[in-house]
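Residue numbers (our numbering), protein chains in the order written: chain A, 11 to 489; chain B, 9 to 377. Glycine residues also receive a C-beta, built at the ideal position from the N, C-alpha and C atoms. Worksheet for the structure shown next.
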Amino acid sequence: MDMPRPNPDVLARKQTVLSRLLQVLPEDAVIHDPMETRAYECDALTAYRCPPMLVVLPSTTQEVSDILRICHAEGVPVVPRGSGTSLAGGALPTADCVILGVARMNEVLETDYDNRFIRVQTGRTNLSVTGAVEEEDFFYAPDPSSQLACAIAGNIAMNSGGAHCLKYGVTTNNLMGVTMVMMDGSAVEIGGAHLDAGGLDLLGVICGSEGQLGVVTEATLRILRKPEGARPVLMGFDDNEVAGHCVSDIIKSGILPVAIEFMDTLCIRACENFAHAGYPDCAALLIVEVEGSDAEIDYQLSKIIEIAKRHNPVELRESQSAEESAKIWLGRKSAFGAMGQMNDYMCLDGTIPVSSLPEVLRRIGEMSQEYGLPVGNVFHAGDGNMHPLILFDANKPGDLEKCEAFGAEILKLCVDVGGCLTGEHGVGIEKRDLMSHQYAPQDLEAQMAVKDVFDPCWLLNPAKVFPLDVSAARRTAAA
Amino acid sequence: MKRMKPETEGELAEVVAGLSGPVRIVGGGTRDVTGSEPILNTAGLSGITLYEPGALTLVAQAGTPVAEIEAALEAEGQQLAFEPMDHRGLMGTSGEPTIGGVVAANISGPRRIQAGACRDFLLGVRYVDGCGQIVKNGGRVMKNVTGYDLVKLMAGSWGTLGVLSQVSLKVLPKPEATLTLAVHVQNAKTAIQALSVALSSPFEVSAAAYDPQYSSALLRLEGFADSVTYRETRLRSELANFGEFTEVQDPVSQWRSIRDVSAFQGSDGDVWRISVKPSDASEIATRAEAEKTIFDWGGGLVWALVPKGTDLRKRLRAFQGHATLVRADTDTVRTLGRFQPESVGVAALTRGLRQKFDPRGIFNPDLMG
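So this is what it looks like as structure tokens:
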């Protein structure tokens, strides 16, 4: 993975930058000892590491503004960081950068049930947003599997999704407003407790911009009343493709489940060992969840089961209790961790039209044979968001490279069947160089033009999203 | 100059590249984009290019009539869940609304509060920028975070960043049953409280409006028949304090009338559309001193009819939200501006984006920002 060479001029001014930052921040909010900055050398894409020059941990929007003003004046790149759970290397530092971590900014600023929103500082974790409104039976809908740890800041940067997005949408559909600090230190307010932008939909382009347009410090999020109940059904099939057809048929039928999750044998076994959810041992497992009152759930599940039966399932089991449902979901949400216990893995995130599921699953199986690397599949089948997990051994020379080549081929396949490189994890550094497979030069040019407007010096989260050769001219001109 | 009604994306790109001055971009011409510039018409770019009911996706050229799309969806028991408004009655226009126009203006109807806005259903776009280059963003899959989301940026940009040539949309199944409940209330404040209680319930209200003309608060439930009946019973009991609810006999035309602001049709005066925090809506309506109002989106959307030339933003003073001048004569639009003035920081970003996407300033100049 190529990263731009650190700017020697910036490295030489580390002390100046440090002392300026210490003028606006408490001492314990600045980390400069190389032993300590090492803790920030990577995110959840651990294959790539680089300790940053400095780390700052502000507590207020004002402090963020002061930090960015100084870094802007000093020409220092800034890498914003939520909780560091990015699977795409979205928070990977450069050696000459300041990591701006928002973890200390975790306050709830306003809760408004009548108007159904909550305003939080963005260092707050995803799950603790729901935690703040749970007493009143409300929740925040987007639920990435890392929701216990991941920060709203990172969710906004990556436009994170989750298992229940089929019904509730992803971050961008639940984000109503932001306070964002621009690279020059000025702050803008966009959106708020009202719906839809008056002018251009800036909120829409900020969400998912991977921290390259500004640092979002506060967010207004839509909260929803919890459904009366929810219940999953487990369906086992002896063939991946049959499971894929079953997903298509459910969607076509007019029922919209809140989630349709898919796992293949490798993942089923790993998750079962971990969560003891009673998953059947078979080729493909679907977890289909519906919501409502008991009677509504019964009705919807009966229709879904009727469809499933047409595909000769080897197992069909409704959850019988809240405990059982919790176990079923624990297994699914622990999938990445459970696979990680088997070997190193690379997790992909390509999205495809639901109708292409059977074909793509078959091709991945064939490629797995060709490359000699096992693949586990666990993903959000309802919206075609795949998560192939390629297992490899990081200590075996050449295995990582082989795995990356395999991964790239899967992602290109996703694009070629009408899908995209990433459905919810983001591009980061991981898929940066594949962007040219999905987008023509003028398409990337249009996206980079947005960056030019928000961050003319290209200092925010450098070397992510765009292929290095494509962004080279801009980065050089700005430096 | 080439004919200003291209029939292919390639022709559109050629036409734009060859422009020597500003144009107004028009689809069906049903939403007023006041101006004296020559018209670039996109209605020639017409036709559904892909429709996969099993994947809930539809791709169409920008000039495709909304009616054609709705008919195709209807045949498969599906719909555009964001329920786009038809502006013809309100604006006194007679063209054929196009999907490109709907997307360019991010037009959403009553179901916006539950299902989301037009922009939330927009999966991908193709457009021609101010230099005549064809650009694509997004695609036709449900989840896509590959690069910056220019799809959202194009929705609601009123053609100022580019001329849409193709859009792909997520569609949804049509509900099996629909039921609308109405209750007589004293005033807007009480009405919005009732709507808020309903929207904060777990019973999935798909539309919530208040029509002061009939002092009527309206709630819509959709879904499987038994489920609708169950939720109706539960809602009636949760909202018992607000009075006796009756079932509206023709819910389809009731919501079409709210969606299209029928109450203002045929009346003289300027029409404003105000997006506001729902609990502020009744205060905002009071400040507006309007001749007529309609409240949709649980109070979050206020339509106001005021005498011609009224500077409504002056009456509203500072508030959280924005007011858009939807219908007025050219002079009033020129004086007051179509859109709410932006803060210095946001205005600079808007200007910067327009400059990058349309460096010659030829698309709908002066319409936004």
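Inter-residue CB distance, residue i and residue j (contact presumed, cutoff 8 Å)
i, j, result
"Ala331 (chain B)", "Leu320 (chain B)", "6 Å"
"Gly100 (chain A)", "Gly438 (chain A)", "4 Å"
"Gly119 (chain B)", "Ser214 (chain B)", "In the sequence as presented, Gly is not what sits at residue 119 (chain B); that position holds Arg. Indeed they touch by this definition, with Cβ atoms about 5 Å apart."
"Lys285 (chain B)", "Ala203 (chain A)", "4 Å"
"Asp278 (chain B)", "Leu333 (chain B)", "7 Å"
"Leu423 (chain A)", "Arg373 (chain A)", "6 Å"
"Ala113 (chain A)", "Gly133 (chain A)", "5 Å"
"Ser176 (chain B)", "Gly132 (chain B)", "4 Å"
"Gly221 (chain A)", "Asn395 (chain A)", "Not a contact, Cβ separation roughly 22 Å."
"Leu243 (chain B)", "Phe211 (chain B)", "5 Å"
Per DSSP, the bridge partner or partners of residue i
i, result
"Glu440 (chain A)", "Note: Glu440 (chain A) sits in no beta bridge, so no partner."
"Gly329 (chain B)", "B:Val284"
"Glu230 (chain B)", "B:Thr186"
"Phe149 (chain A)", "A:Leu234"
"Gly201 (chain A)", "A:Gly187"
"Met273 (chain A)", "A:Leu295, A:Val388"
"Trp371 (chain B)", "For clarity, residue 371 (chain B) is Phe in the given sequence; the question names Trp instead. Beta-bridge pairing links Phe371 (chain B) to B:Val31."
"Glu255 (chain B)", "B:Leu189"
"Val252 (chain A)", "Note: Val252 (chain A) sits in no beta bridge, so no partner."
"Trp263 (chain B)", "Per DSSP, none; premise fails for Trp263 (chain B)."
"Trp311 (chain B)", "B:Arg281, B:Ile302"
Cβ of residue i within 8 Å of any chain B Cβ
i, result
"Ala391 (chain A)", "no"
"Asn387 (chain A)", "no"
"Leu497 (chain A)", "The displayed coordinates of chain A run from 11 to 489. Any statement about residue 497 (chain A) would go beyond what the structure contains."
"Lys422 (chain A)", "no"
"Phe346 (chain A)", "no"
"Val124 (chain A)", "The residue you asked about is not Val; residue 124 (chain A) is Asp in the sequence shown. Cβ-Cβ to chain B under 8 Å: yes for Asp124 (chain A)."
"Asn169 (chain A)", "yes"
"Phe149 (chain A)", "no"
"Lys236 (chain A)", "yes"
"Phe464 (chain A)", "yes"
"Glu145 (chain A)", "no"
"Cys6 (chain A)", "Here chain A has residues from 11 to 489 only, and residue 6 (chain A) is not among them."
"Gly133 (chain A)", "no"
The ligand SAM heavy atom lying under 7 Å from the CB of residue i
i, result
"Pro267 (chain A)", "Summarising the ligand content, the structure contains no ligands, and the ligand SAM is consequently not present."
Any chain A beta carbon closer than 8 Å to residue i
i, result
"Lys144 (chain B)", "yes"
"Glu350 (chain B)", "yes"
"His330 (chain B)", "yes"
"Asn372 (chain B)", "no"
"Ser287 (chain B)", "yes"
"Gly147 (chain B)", "yes"
"Lys197 (chain B)", "no"
"Pro181 (chain B)", "yes"
"Leu333 (chain B)", "no"
"Phe272 (chain B)", "no"
"Leu187 (chain B)", "no"
"Ile47 (chain B)", "no"
"Pro92 (chain B)", "no"
"Lys10 (chain B)", "Bear in mind that the predicted position of Lys10 (chain B) carries a pLDDT of just 48, short of 50, making it too unreliable to give a figure here."
"Ser44 (chain B)", "no"
(request) Report the residues of the stretch 58–71 of chain B with a CB closer than 8 Å to any CB of chain A, ordered along the chain. (result) Taking 8 Å as the cut-off between beta carbons, the residues of the stretch 58–71 of chain B near chain A are Glu60, Pro61, Gly62, Ala63, Leu64, Thr65, in sequence order.
(message) Does the stretch 38–54 of chain A come into contact with the stretch 82–97 of chain A, if we say contact requires no fewer than three beta-carbon pairs (one atom in each stretch) closer than 8 Å?
(response) Segments in contact, yes.
(request) Output, in sequence order along the chain, the residues in the stretch 226–240 of chain B whose CB is closer than 9 Å to any CB in chain A. (result) So the close ones are Gly231, Phe232, Asp234, Ser235, Tyr238, Arg239.
(request) Can you give me, in chain order, the residues of the stretch 13–40 of chain B that have a beta carbon less than 9 Å from any beta carbon in chain A? (result) If the cut-off is 9 Å between Cβ atoms, the stretch 13–40 of chain B has nothing near chain A.
(message) Using a Cβ-Cβ cutoff of 8 Å, what residues of the stretch 183–217 of chain A are near chain B? List them in chain order.
(response) Under the 8 Å Cβ criterion, the stretch 183–217 of chain A contributes Asn183, Met192, Ser196, Ala197, Val198, Glu199, Ile200, Gly202, Ala203, His204, Leu205, Asp206, Ala207, Gly208, Gly209, Leu210, Asp211, Leu212, Leu213, Gly214, Val215, Cys217.
(request) Say whether the stretch 256–267 of chain A touches the stretch 178–185 of chain B, bearing in mind that this needs 3 or more beta-carbon pairs closer than 8 Å, one atom from each stretch. (result) Two segments are said to touch when three or more pairs of C-beta atoms, one from each, lie closer than 8 Å; by this definition the stretch 256–267 of chain A touches the stretch 178–185 of chain B.
(request) Please list the residues of the stretch 439–462 of chain A that have a C-beta atom closer than 7 Å to any C-beta atom in chain B, keeping them in chain order. (result) Look at the stretch 439–462 of chain A: the residues with a C-beta under 7 Å from a C-beta of chain B are Met445, Gln448, Tyr449, Gln452, Asp453, Ala456, Gln457, Ala459, Val460, Asp462.
(request) Identify each residue in the stretch 286–309 of chain A for which the Cβ-Cβ distance to at least one residue of chain B is less than 9 Å, and report them in chain order. (result) If the cut-off is 9 Å between Cβ atoms, the stretch 286–309 of chain A has Glu301, Gly302, Ser303, Ala305, Glu306, Tyr309 near chain B.
(request) Please list the residues of the stretch 113–128 of chain B that have a C-beta atom closer than 8 Å to any C-beta atom in chain A, keeping them in chain order. (result) Closer than 8 Å at the C-beta level to chain A, one finds these residues of the stretch 113–128 of chain B: Asn114, Ser116, Arg120, Ile121, Gly124, Ala125, Arg127, Asp128.
(request) Give the residues from the stretch 151–162 of chain B that approach chain A closer than 7 Å (Cβ to any Cβ), ordered along the chain. (result) Across the stretch 151–162 of chain B, CB contacts with chain A closer than 7 Å involve Lys151, Asn152, Val153, Thr154, Gly155, Tyr156, Asp157, Leu158, Lys160, Leu161, in sequence order along the chain.
(request) Examine the Cβ distances between the stretch 229–237 of chain A and the stretch 137–157 of chain A and report whether three or more of them are shorter than 8 Å. (result) For the pair of segments examined, the stretch 229–237 of chain A was found to touch the stretch 137–157 of chain A: the number of CB pairs separated by less than 8 Å reaches three.
(message) When you compare the stretch 26–39 of chain A with the stretch 65–76 of chain A, are there three or more beta-carbon pairs, one atom per stretch, that lie closer than 8 Å?
(response) A contact exists between the stretch 26–39 of chain A and the stretch 65–76 of chain A.
(message) Short of 7 Å Cβ to Cβ, which residues in the stretch 299–321 of chain B face chain A?
(response) Result list: Trp305, Gly308.
(message) So, does the stretch 315–330 of chain A touch the stretch 290–300 of chain A, judging by three or more C-beta pairs under 8 Å?
(response) Between the stretch 315–330 of chain A and the stretch 290–300 of chain A, the count of C-beta pairs closer than 8 Å reaches three or more; the two stretches touch.
(message) To be precise: take each residue of the stretch 238–254 of chain A, compare its Cβ to all Cβ atoms of chain B, and keep it if any distance is under 8 Å. Which residues remain?
(response) Taken in chain order, the members of the stretch 238–254 of chain A whose beta-carbon sits within less than 8 Å of a beta-carbon on chain B are Glu238.
(request) Would you check if the stretch 346–355 of chain B and the stretch 196–215 of chain A touch, i.e. whether three or more CB-CB distances between them fall below 8 Å? (result) They touch, by the three-pair rule.
(request) Say whether the stretch 40–55 of chain B touches the stretch 129–147 of chain B, bearing in mind that this needs 3 or more beta-carbon pairs closer than 8 Å, one atom from each stretch. (result) The stretch 40–55 of chain B, when compared against the stretch 129–147 of chain B, does not touch it at the 8 Å Cβ threshold.
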